[in-house]
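Trainee: Using full-length UniProt numbering, read the sequence shown as starting at 1 and increasing by one per residue.
We put the beta carbon where it would ideally sit given N, CA and C, even for glycine.
These numbers come from a predicted model, not from an experiment.
One structure follows; several queries about it will come next.
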Amino acid sequence: MYTAVGDGGTGPGRKVGRKPAFDAEDVVAAAIAEGLDRFTMAAVAARVGVVTAAIYRLFPSRDQLVLACLDTAAATIATPPEGAGWREALHLWADECWRVCEDFPGLSRLVYSFPPAFTRIEDVLAAYSATLMAHGRTPRQAMFALDFIGDTVFASHLGVEAMRMVDDEGARGLDRVREVLGDGPTVLQPDESWTGRAALDTKIDFIVAGLDRSWPEL
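So this is what it looks like as structure tokens:
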């Protein structure tokens with residue numbers, strides 16, 4: 001902890017003592033708080049309260065810190081309970097994909113801009129695949145369903161983020177859409193549901209119903 005001491009009682013104080021301690025978890029938490037898709041090493045260092053070089057001693061590159069953040073997010077993903085049905089498992093997968101997007105800002109953008117992102121959930125995918133295969137699906141059929149639903153959730157979340165985003169004038173994306181459309185007739189009907197997951201739930205129900213008839217392979 002820094003402490004100030006006088007300089008003979010006449011000069012300005014000076015800071016002495018040990019620098020604040022921090023660890024890898026502190027750095028990961030700071031990166032997540034900054035936003036997974038946009039954090040800089042300098043911003044992370046400032047949030048932790050150290051110089052940027054100190055961050056690089058723990059994470060030699062930004063990509064390594066990104067991977068550590070992804071591992072933290074992956075560790076929170078729930079997997080199907082023993083004996084779960086395939087529909088239950090797919091709905092849980094959709095719920096968990098949405099939740100991590102909500103809990104880890106920037107994740108939905110990161111997965112489309114950082115190719116290794118999905119490699120950090122290999123164990124999670126294996127658990128979901130095992131549940132689907134227990135109900136007679138092949139590994140490739142299981143991956144098709146998980147990939148299709150995952151893509152749907154992440155893409156939907158990107159759209160929701162755009163509707164929620166507030167610009168410098170205090171207007172949300174949804175407000176700007178309404179301004180552009182005006183009051184005339186339009187096939188688009190922007191409402192508050194565009195800022196939530198209501199439309200996504202309809203899409204997931206549609207996908208699951210389709211899989212009840214046919215299971216393509218990836």
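Would you mind stating whether Ala48 and Asp63 have Cβ atoms separated by less than 8 Å?
Mentor: Before going further, note that residue 48 is Val rather than Ala in the sequence given. For Val48 and Asp63, no; Cβs fall outside 8 Å.
Trainee: In the DSSP output, what is Val166 paired with across the bridge?
Mentor: Answer is Arg172, bridged to Val166.
Trainee: Looking at the secondary structure, which residues open and close the alpha helix (DSSP H) in which Ser129 lies?
Mentor: Per DSSP, Ser129 belongs to the alpha helix (DSSP H) from 122 to 133.
Trainee: So, are the CB atoms of Ala73 and Val100 less than 8 Å apart?
Mentor: Contact: yes.
Trainee: Could you name the residues of the same chain whose beta carbon sits closer than 8 Å to that of Ala89, not counting the 5 residues immediately before and after it, in chain order?
Mentor: Cβ neighbours of Ala89 beyond the five flanking positions: Pro80, Tyr128, Thr131, Leu132.
Trainee: Kindly list the residues whose CB is nearer than 6 Å to the CB of Ile204, restricted to its own chain and excluding five residues on each side of it in sequence; keep chain order.
Mentor: Same-chain partners within the cutoff: Ala94.
Trainee: Figure out for me which residue from Glu102, Ser214, Ser113, Trp86 has the closest Cα to the Cα of Ala134.
Mentor: Of Glu102, Ser214, Ser113, Trp86, the residue nearest in Cα terms is Trp86.
Trainee: Would you call Val180 buried or exposed, if buried means 16 or more other Cβ atoms sit within 10 Å of its Cβ?
Mentor: The residue is exposed, with fewer than 16 neighbouring Cβ atoms inside 10 Å.
Trainee: For Asp79, does the three-state DSSP call read helix, strand or coil?
Mentor: In the sequence on display, residue 79 carries Thr and not Asp. Of the three classes helix, strand and coil, the one that applies to Thr79 here is coil, per DSSP.
Trainee: Alpha carbons only, please: which of Ala29, Ile121, Gly182 is nearest the one belonging to Leu146?
Mentor: Minimum Cα distance to Leu146 is reached at Ile121.
Trainee: Assuming Leu218 and Phe144 form a contact by the criterion Cβ under 8 Å, report the distance between their Cβ atoms to the nearest whole angstrom.
Mentor: That pair is a contact at about 4 Å.
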